[in-house]
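Working notes, structure below.
Residue numbers (this note's numbering): 43 to 751.
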């Protein structure tokens with residue numbers, strides 16, 4: 043594959059002359075670390091109010107949709123390398139339309155170019171003599187054949203041959219996610235909306251049948267293509283239905299912070315269905331546009347393909363494997379048109395609103411179409427560039443991003459690109475400061491050869507109090523996890539790890555990744571405080587709440603510690619301590635008629651945690667890693683208040699999280715391998731309501747007290 047050299051400028055003429063590229067890249071990595079690579083939430087921007095309409099034939103929103111659709115068609119493979127972008131050039135004399143493509147892998151062989159040209163030819167006005175529905179069906183079949191492999195990937199079909207980099211992923215077929223999606227409907231609609239609920243469930247059940255029919259059809263069978271086409275059309279009809287659209291909106295709006303795994307899975311399933319449905323929407327849209335604006339399509343569309351740029355080696359990256367930077371497709375197109383305008387004899391510009399003269403026989407594109415939403419840096423680039431309005435961003439930051447640094451840039455263009463990278467850098471630094479800088483000076487100073495304390499679930503309640511207490515000792519390095527992407531700012535010897543949900547299978551690997559960026563090879567004390575409590579009774583049990591409690595209170599902590607333990611023998615080393623914050627409610631022996639039954643999921647998940655912790659203590663004993671299970675005490679927290687237990691605070695001897703943290707930390711200091719696998723209440727029996735009827739008179743019981751299983 044031929045590529046253009048992305049570094050041809052001299053040092054004195056470089057766009058990085060005033061801002062060294064390594065400095066720029068380090069700022070990117072700093073922000074990536076602090077925000078878990080998502081500096082901003084996904085956003086959509088209003089196009090019509092921000093871009094002026096010139097003498098174009100196509101309305102602005104049509105230009106954007108058409109460019110997006112062609113970019114979508116050009117991205118036929120999985121992965122970031124296949125993200126495509128496209129611009130539309132409206133020619134003046136004679137009236138015609140060119141679609142110019144860019145992508146990292148879009149020098150492409152003849153197969154894709156030929157297929158895209160066939161699609162373009164089918165839109166020509168001379169083809170409009172054909173019946174419109176027939177024209178749509180022909181185009182639809184071309185698109186499905188072109189995207190067949192991509193569709194199999196979206197469906198996670200057993201017929202899909204995975205690329206090597208995905209060979210270790212084992213996800214079930216998409217149609218098997220429909221059961222969870224359909225199950226979620228009952229939680230979104232009220233009892234009074236039963237007809238609406240039943241309608242949505244029926245539509246999704248019918249769609250699930252279409253997906254399953256395709257999956258069980260033989261690979262390469264005679265009806266395979268028609269079944270896939272039926273599946274796509276059915277997806278489109280379901281997505282278009284107002285009741286399903288209402289369900290999708292409500293489902294997404296139901297998420298306040300981090301969604302549960304089941305809700306997140308349902309949202310992802312809906313988004314995949316929408317992407318599959320696009321393969322029918324696009325031929326409808328393309329044929330409709332070609333018939334509404336026949337003058338642009340009369341002679342057929344001309345397709346042009348930019349040659350990608352070479353990657354740029356780097357030693358600065360968030361990931362160890364990230365050793366090359368790439369010029370994204372959107373940046374390629376912007377650079378192409380800037381160089382073209384530079385070569386024109388007459389170009390005027392005011393506040394970035396450039397227009398071209400008659401010497402260029404087409405109107406400059408106003409927008410860039412993309413197969414996926416803009417990454418964070420492409421969004422900032424286009425916003426600073428000023429000639430192509432960014433319509434959206436998914437908010438993710440990829441530090442393997444760069445801009446061509448070319449000798450072809452004239453002085454004016456070089457100055458402009460220096461200004462653009464400066465503007466991006468300023469925004470990156472500003473966002474980093476918002477969430478807490480991770481530089482060498484100021485907050486977040488890593489103390490070498492000092493104890494490393496890791497608190498999981500550290501932004502409120504007991505976890506937050508433990509962070510404050512351990513950080514009060516200036517000799518400690520305290521690492522604190524937060525579920526949110528924007529945790530509190532680092533402070534002195536506190537380092538917040540964003541985006542860690544203990545109920546997620548990735549929690550441990552996310553923490554390890556963060557520790558690696560700080561060159562932390564071992565942890566002295568791990569305290570897992572994260573939990574979830576939902577009340578239940580015989581009359582009102584909750585399958586969903588129990589599921590969440592088991593994931594959060596038992597499964598997540600177990601997988602988290604096994605992940606740390608399997609990383610290396612050094613991360614959890616001899617004399618390391620792992621403390622599982624459980625509850626006296628996890629003791630089967632302490633359950634008594636005095637408190638009665640109910641709260642099945644909470645109490646049983648704590649008992650499950652106790653069992654897992656006991657087993658882990660056996661596995662880790664030979665390494666010298668001590669494991670404890672603790673009841674920290676009855677506390678005055680938002681969690682206990684949220685389930686109505688604040689009415690028991692006074693009678694039950696509830697203490698503040700700060701008081702409980704002090705007792706727990708003092709007990710941890712005395713805990714060692716000699717008591718590994720034991721279950722303790724550092725504050726004694728005072729706040730255990732069933733202690734006296736089960737264990738005997740409270741004044742005869744010790745503090746701290748070892749609890750019975």
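Idealized CB from N, CA, C, for every residue including glycine. Note that the structure is a prediction, hence the values are computed from the model and not measured.
Would you decide whether residue 682 is buried or exposed? Buried here means 16 or more other CB atoms lie within 10 Å of its CB.
-> Under this definition residue 682 is a buried residue.
What is the rounded straight-line gap between the Cα of residue 383 and the Cα of residue 494?
-> In a straight line, the C-alpha of residue 383 is about 57 Å away from that of residue 494.
CA-CA distance, residue 362 and residue 606?
-> Approximately 19 Å, taken between the alpha carbons.
Neighbourhood of residue 564 by C-beta, 8 Å cutoff - its chain only, sequence neighbours within 5 removed | If the five residues before and after residue 564 are omitted, its C-beta is found closer than 8 Å to the C-beta atoms of 494, 612, 613, 614, 615, 618, all from its own chain and listed in chain order.
Return the residue from the list 58, 51, 697 that minimises the CA-CA distance to residue 463.
-> With distances taken between Cα atoms, residue 463 lies closest to 58.
Determine, using beta carbons only, whether residue 639 and residue 580 come nearer to each other than 8 Å.
-> Yes, the Cβ-Cβ distance between residue 639 and residue 580 is below 8 Å.
Proximity below 8 Å, CB of residue 154 to CB of residue 349 | It is not a contact, given that the beta carbons lie outside the stated cut-off.
In the DSSP assignment, find the alpha helix (DSSP H) that holds residue 423 and state where it starts and stops.
-> That run of the alpha helix (DSSP H) goes 418-427.
Give me the Cβ distance between residue 536 and residue 520, rounded to the nearest whole Å; I'm assuming they're in contact under 8 Å.
-> Taking 8 Å as the upper bound for CB-CB distance, residue 536 and residue 520 are in contact here, some 5 Å apart.
Which first and last residues belong to the alpha helix (DSSP H) in which residue 377 is found?
-> Residue 377 -> alpha helix (DSSP H) spans 371-385.
Coil, strand or helix - residue 780 by DSSP | What the structure shows of the chain is the stretch from 43 to 751, and residue 780 is not part of that stretch, so it cannot be assessed.
DSSP puts residue 351 in a beta bridge; with which residues?
-> Residue 351 is bridged to 46.
Hey, which unbroken runs of the alpha helix (DSSP H) at 4 residues or more fall wholly within the region 691-732?
-> List check, alpha helix (DSSP H) in window: 699-712.
Quick one: what does DSSP say residue 464 is sitting in, helix, strand or coil?
-> Helix at residue 464.
Can we say the region 705-716 touches the region 727-739, given the rule of at least three CB pairs closer than 8 Å?
-> Using a C-beta cut-off of 8 Å, the region 705-716 makes no contact with the region 727-739, since fewer than three inter-stretch Cβ pairs fall below that distance.
Count the CB pairs spanning the region 328-343 and the region 305-314 that are closer than 8 Å, and state whether there are at least three.
-> No, because fewer than three Cβ pairs between the region 328-343 and the region 305-314 fall closer than 8 Å, the two stretches do not touch.
Rounded C-alpha distance that separates residue 659 from residue 750 = Cα to Cα, the separation comes out at about 17 Å.
Kindly list the residues whose CB is nearer than 7 Å to the CB of residue 502, restricted to its own chain and excluding five residues on each side of it in sequence; keep chain order.
-> Within the same chain, and ignoring the five residues on either side of residue 502 in sequence, the residues whose Cβ sits closer than 7 Å to its Cβ are 680.
Got a sec? Which residues, its chain only, sit under 8 Å from residue 449 by beta carbon, not counting five neighbours each side?
-> Excluding sequence neighbours, residue 449 sits near 50, 51, 52, 55.
Buried/exposed call for residue 380, threshold 16 Cβ in 10 Å | It counts as buried.
What whole-angstrom Cβ distance do residue 732 and residue 636 have, given they're in contact under 8 Å?
-> Distance from residue 732 to residue 636 at the Cβ level is roughly 6 Å; contact confirmed, criterion being Cβ atoms closer than 8 Å.
Quick check: the region 57-71 against the region 499-513, are there 3 or more CB pairs under 8 Å?
-> Between the region 57-71 and the region 499-513 there are fewer than three C-beta pairs closer than 8 Å, too few to call the two in contact.
May I ask you to list the residues that DSSP assigns as paired with residue 368?
-> Residue 368 pairs with 443.
Leaving out five residues on either side along the sequence, give the residues of the same chain with a beta carbon under 8 Å from the beta carbon of residue 75.
-> The residues are 360, 480, 556, 559.
Closest Cα partner of residue 329 within the set 279, 627, 107, 621 | The candidate whose alpha carbon is nearest that of residue 329 is 107.
Spatial neighbours of residue 541 in its chain, beta-carbon cut-off 6 Å, leaving aside the 5 residues before and after = 78, 527, listed in sequence order.
Check whether residue 643 and residue 601 have beta carbons under 8 Å apart | Cβ atoms of residue 643 and residue 601: not closer than 8 Å.
Using a threshold of 8 Å, state whether the C-beta atoms of residue 140 and residue 340 are closer than that.
-> No.
Kindly indicate which three-state DSSP category residue 284 falls into: helix, strand or coil?
-> If DSSP states are grouped into helix, strand and coil, residue 284 belongs with the helices.
Using the Cα positions of residue 138 and residue 405, report the straight-line distance between them to the nearest angstrom.
-> Rounded to the nearest whole angstrom, the C-alpha separation of residue 138 and residue 405 is 11 Å.
Please confirm whether residue 435 and residue 177 have their CB atoms less than 8 Å apart.
-> No, these two residues do not count as a Cβ contact at 8 Å.
Determine the DSSP secondary structure at residue 538, reduced to helix, strand or coil.
-> In the three-state DSSP reduction, residue 538 falls in the strand class (E or B).
Could you tell me which of 426, 354, 625, 497 sits nearest to residue 568, measuring between CA atoms?
-> Nearest of 426, 354, 625, 497 to residue 568, Cα basis: 497.
Cα separation between residue 703 and residue 674?
-> Counting only the Cα atoms, residue 674 lies some 8 Å from residue 703.
Spatial neighbours of residue 412 in its chain, beta-carbon cut-off 6 Å, leaving aside the 5 residues before and after = 113, 127.
CA-CA distance, residue 531 and residue 500?
-> The straight-line gap from Cα to Cα measures roughly 13 Å.
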